[in-house]
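See structure below.
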Amino acid sequence: MPDAPREESRPMQPAGESPDHRPTAPAKGAARPVAPWVRARLRASPGAAAGFALLVFVTALLAAALPRVTDAYETRGLRHGIRTAAPGQSQLEVTYPLPQGATVAPATLRKEQEELRGLLPAPLRTDPGQTVNGIRTMEPVQGLDPWLPQPDHEPARFTLSSPSDLAAHAVLRQGRMARGTPERPEAVVTTATARALGIKPGSVVHVPGISAAPVALTVTGVVEPRDPRRPYWVVDPLLSAPMLAMTDHPTEPKRYWRASLVVAPESGSALTSTTGTPEVFWRFPAVADHLTARDAAPFAAAVDSARSGPASAEIREVTGPTGLVTTGLDEISAAYAATKDAIGPVVAVAVFGIGSVAAVVVAMTGGLFLSRRDGELTLLRARGASLPGIGFRLLGETVAVAVPAALLGLVAAVALVRGPETPGASALTGSVPLLPSVLGAALVALVAALVLPVRAVLRHRALRLHGAREDLVDAKPSRRRTVAELTLLVLAAGAIGSLRLRGTADAGDHLVSAAPVFVGVIAALALVRIQPLPLRWLARPAARMRGVVGPLAIARAARSSATGVLPLLALVLALTTAAFGGSVLAGVADARDRAAVLATGADARIEGRTEGVPLPAGLTEAVRGVKGVEEALPVQVEYGVALPSPVATDQPMSAPLVSVDPAAYARLAGRTANGAFPEGLLASTGKGGPEAVGDTDRVLPAIASPEVAARLGDQPMGLIAASGSFRVKVVAVRSSTPAVRGEDFLVVNAADITNRRPTAVLVSGAPSGAALRTAVEAKSKEFAVTLSTETRHSYVDSPLQSGAEGLYSAAIGAGAAYAVVAVLLSLTQSGPERATLLSRLRTMGLTRRQGRRLLGLEALPPAVFAALGGALAGWATVPLLAPGVDLHRLALAAAAGGVGPGGVPLRADPWSLVLPALAVVLLTGATAGVQAWWTGRRSSVKELRAGDAR
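With this note's numbering applied, the sequence shown covers 12 to 961.
This is how it looks when you write it as structure tokens:
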């Protein structure tokens, strides 16, 4: 074949235009049109250009919004961790011991406070309004005055503290604010302390001094905290309210009052004359409004520096060598980093899945445009157009559409996803960085712009015959394709093996996160190779059917180009992503349900606010009368029962003793899958009740936790408890039980104990929380109601968790949307050819109804294969990747209880496998039916033009 003439010697003409009718050159001085080829092509097909622009816009919007959404919820998670932490954890405290007799002026403390604040490294910032300095006693001192209340004849014990700026945080209710001097110290107390201990303005409290004479503190006033929830008061709870404490005597503990005297800063040095071991302190509460996700690592480094690094050395230059920096901010940072590191790789799986589906769908648009213009490009090549010339002209067309659409998508993402408010953040981009979004939108624009030119150049690199055959018989797998498929198979096997061995904790590469995508790719490639075989086998018995619609539909489905790689790949990847994502969300929901059941023991739990408080009379009956309550089971839980051991040991052990009704308790344990057992294990001995007091020979069957069972052994062992004195024999071992939350327990039949006093009610059903609390409060206000639904909601305590779940749900939804687009593109690409076929068959006697059935049945086999392949790939992905995926951090809060042995495993969710697959088949059938109906209404004349090679 002679070489084709060069493009420079022969201008390229649009398809169908004769060389003898070329446009005349513009007149001299006239304006030359800008990009006439691009403008002409866009005007020729405005609908296709608009659809392509919409697809690029949505894809660029998602690509640009993804890093902004991730950064936003990570920023909220970091701030949430600091804001919701206990005040004692979210502050940085600097202290140093004060020698006896030393004096420190309040002005000196204020000056050193500002010096210390300036030494804190960025981005660690503190709240000046809540910063406190002063002197306090590390050890409580006894109140020596006999007029102070002494429950159980134990004297009250005080903590002495001189916090700064008391007038800004408290309101004076009686007397006056304290001033005084180190020699004549003065103090104030809060209203709660004054009411509990009987202290009034003018009272003098004496505490032991380092000399023989006690130190007298004159109380000049009574104050009330302006906001008792602020760190000023919450860090030291005794500062605002006293409490009843118990002595640590092992046999006879006694109660006594613990309280605080708020000493005037001017009198602070008087604390060095007491026996309370005084120290100087500064408390710097941390603020988080300025922090972003990018500040997490610098923030952790700043905290470490302040505790034991360079900043700590500078702090000791102010406090002296005995200065000490304590904080819980390092634990907060570590918990945030651990949660982020655990959630990130799991979320990356969804991101890779939806990204792959989007890339395939964008590539399908290039295939659609190429199929529509294949004849035109073939003719241009036959007339001598060069591959670079065709490629650059097509690139100009796609760039003119893709770049503006991607830019609009970027602008929309920036406008819609702003991130949390941050002082000093840009008004344009907010607190979220712009560069990742720009790169994401640019990548989408690049792929969208290149897909049509690259596919056209590859397809027309050799001269082709106009009207060549285009089905699976023509597109036989080549050696290169075989090598590419084997390469993908090796990569998929490596990614899956890596994930199973290393888990998702190692985020050093993204091969692990792409493992489900590789599984979907391999499944799609395998289906493309396998799909013609069953259809050809099915064609043989179908040929014996009456009529031509069935055999013809099966034959065309086995040969149609619509069953190519890209449409099938898009559907399989979308279904695999939906199956994996649905399994993740289902696993998270199941884990929270399980944790809530373990925490409450039933649908609701009623017990005293103090351990061991017996139920008031009529409470159980009142609960049973609440609407929605199916069963109310009273149980008796006695905590701290000493456990004997058959062998000598120096290690004491105690566990809760649970007394239950075996029948009802066995039903509850079985329904909640929480230590289920047959009720016959706790059969009554028939010797319970008050008349059995003193009968220590009774042996009660018991269900124990593993450690308790190991402690008691397999022989009867005697117990001495408030419930009675008897012997127990372990007859079954369970890892958990509904009545207690801890790991250790001992369950016996309530009918066999001698002193039955139920302490809790386990409620089954779906009662209203308000109605249940109303019924309980009508009997006693000392009992709290805990609902399992409320407990479940408490496990989502961080925006990291909710943000990741929302991102996963959005990825599943976006994958479903792209699957719909893939189906539409696939059927649209084959639409002209199918319309021509239908018109020809109509001239041969095919009715409109038969034509619609033919087009509908032809589209179903590829959809069925895609649905089966996607469901199988999703089902295979979950067990393959489950050993390397732990959803504990995503499912539960860092402080949440366990979910039993095995953590939070990943399990396949049947609904996530079946529903998307059925949706694909139904959508394809409905779309094909609509297309067939529309095609049947059109005239056949223009589809059967003379000389048409289709």
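Note that CB positions come from ideal geometry on N, CA and C, so glycine has one too. On a predicted model such as this, the values are computed, not experimentally measured, just so you know.
Measure the C-alpha to C-alpha separation of residue i and residue j and round it to an integer number of angstroms.
| i | j | result |
| --- | --- | --- |
| A590 | L903 | 22 Å |
| V608 | R318 | 40 Å |
| Y203 | S251 | As written in the sequence, residue 203 is Ala, which differs from the Tyr given in the question. Near 7 Å, if we compare the C-alpha coordinates of S251 and A203. |
| G364 | G824 | 12 Å |
| P527 | S367 | 10 Å |
| T847 | L836 | 18 Å |
| S572 | T376 | With a pLDDT of only 48 at S572, under the threshold of 50, the placement of this residue in the model should not be trusted; the figure read from the coordinates follows. The straight-line gap from Cα to Cα measures roughly 15 Å. |
| P34 | L538 | Residue placement at P34 is flagged as unreliable, the pLDDT there being 46, under the threshold of 50; the coordinate-derived value follows with that caveat. The alpha-carbon atoms of P34 and L538 are separated by roughly 50 Å. |
| W227 | S214 | Here residue 227 turns out to be Ala, not Trp, going by the sequence shown. If you take the alpha carbons of A227 and S214, they lie about 10 Å apart. |
| Q942 | E869 | 12 Å |
| A453 | A830 | 23 Å |
| T330 | Y107 | 7 Å |
| M188 | I93 | 34 Å |
| R918 | L419 | 40 Å |
| A503 | L891 | 11 Å |
| P912 | P921 | Because P912 carries a pLDDT of 49, less than 50, the predicted location of this residue cannot be relied on, and the following value inherits that uncertainty. Whole-angstrom Cα-Cα distance: 23 Å. |
| T137 | A178 | 21 Å |
| V530 | W548 | 27 Å |
| G355 | A887 | 22 Å |
| P98 | G880 | 54 Å |
| D14 | P399 | Confidence at D14 is low in this model, with a pLDDT of 41, below 50, so the placement of that residue is unreliable and no value is reported for it. |
| P44 | L563 | A caution first: P44 carries a pLDDT of 49, below 50, which makes its placement in the model unreliable, though a value can still be read off. P44 and L563: Cα-Cα distance of roughly 51 Å. |
| T11 | F380 | Because the chain is modelled from 12 through 961, residue 11 falls outside the range shown and cannot be assessed. |
Within the continuous alpha helix (DSSP H) that includes residue i, where are the two ends?
| i | result |
| --- | --- |
| K792 | Taken as a continuous stretch (DSSP letters only), K792 belongs to no alpha helix (DSSP H), as it is neither H nor E. |
| Y84 | P57 to R94 |
| Q102 | Segment Q102 to P108 is the beta strand (DSSP E) holding Q102; no alpha helix (DSSP H) there. |
| A815 | P810 to Q840 |
| L177 | L177 to H180 |
| H899 | H899 to A902 |
From which residue to which residue does the beta strand (DSSP E) around residue i run?
| i | result |
| --- | --- |
| A653 | V640 to A653 |
| V234 | V226 to P236 |
| G735 | G735 to V744 |
| L730 | M728 to A732 |
| I714 | V710 to A715 |
| M855 | Taken as a continuous stretch (DSSP letters only), M855 belongs to no beta strand (DSSP E), as it is neither H nor E. |
With distance defined between alpha-carbon atoms, name the residue in the options nearest to residue i.
| i | options | result |
| --- | --- | --- |
| H180 | G99, L228 and V273 | V273 |
| A447 | V425, L892, V468 and T106 | Reading off the sequence shown, one finds Pro at residue 447, where the question assumed Ala. The option with the nearest alpha carbon to P447 is V425. |
| G592 | G885, I210 and E197 | G885 |
| E387 | R918, Y829, A308 and H471 | H471 |
| Y267 | G154, A308 and W244 | G154 |
| R90 | S222, A777, Q141 and H301 | H301 |
| A348 | D306, V360, V373 and G320 | D306 |
| A684 | L730, R709 and S747 | S747 |
| V932 | R918, A878, E793 and V889 | A878 |
| V646 | V49, N760, F529 and V412 | N760 |
| L109 | L497, T288 and L406 | T288 |
| A713 | A281, S670, S509 and S594 | S670 |
| P134 | H899, G826 and A304 | A304 |
| A270 | T201, G320, Y243 and E328 | T201 |
| A781 | W158, A207, A795 and S820 | A795 |
| A732 | F876, I764 and Y84 | I764 |
So what does residue i bridge to, in DSSP terms?
| i | result |
| --- | --- |
| Q185 | V233 |
| Q153 | R168 |
| N144 | W293 |
| V199 | G232 and V273 |
| A618 | Checking the displayed sequence, the identity of residue 618 turns out to be Glu instead of Ala. DSSP output for E618 lists A771 and A795 as bridge partner(s). |
- Query: Is the number of C-beta pairs between the region 652-662 and the region 784-792 that are closer than 8 Å three or more?
  - Reply: no
- the region 809-828 touching the region 637-652, judged by at least three CB pairs closer than 8 Å: no
- Message: I'd like to know if the region 330-348 and the region 139-146 are in contact, where contact means that at least 3 CB-CB pairs between them fall below 8 Å.
- Response: no
- Message: Does the contact criterion of 3 or more C-beta pairs under 8 Å hold for the region 266-285 versus the region 156-175?
- Response: yes
- Query: Are at least three pairs of beta-carbons, each pair with one atom in the region 743-759 and one in the region 661-668, less than 8 Å apart?
  - Reply: yes
- Answer yes if the region 795-813 comes into contact with the region 601-618, meaning at least three C-beta pairs across the two stretches below 8 Å, and no otherwise. yes
- Give a yes or no on contact between the region 65-80 and the region 299-316, applying the rule of three or more CB pairs nearer than 8 Å. no
- Quick one: any contact between the region 673-682 and the region 715-734, if contact means 3 or more CB pairs under 8 Å? no
- Taking one C-beta from the region 378-387 and one from the region 73-80 each time, how about it: are there three or more such pairs within less than 8 Å? no
- At a cut of 8 Å, does the region 281-298 reach the region 98-115 through at least three beta carbon pairs? yes
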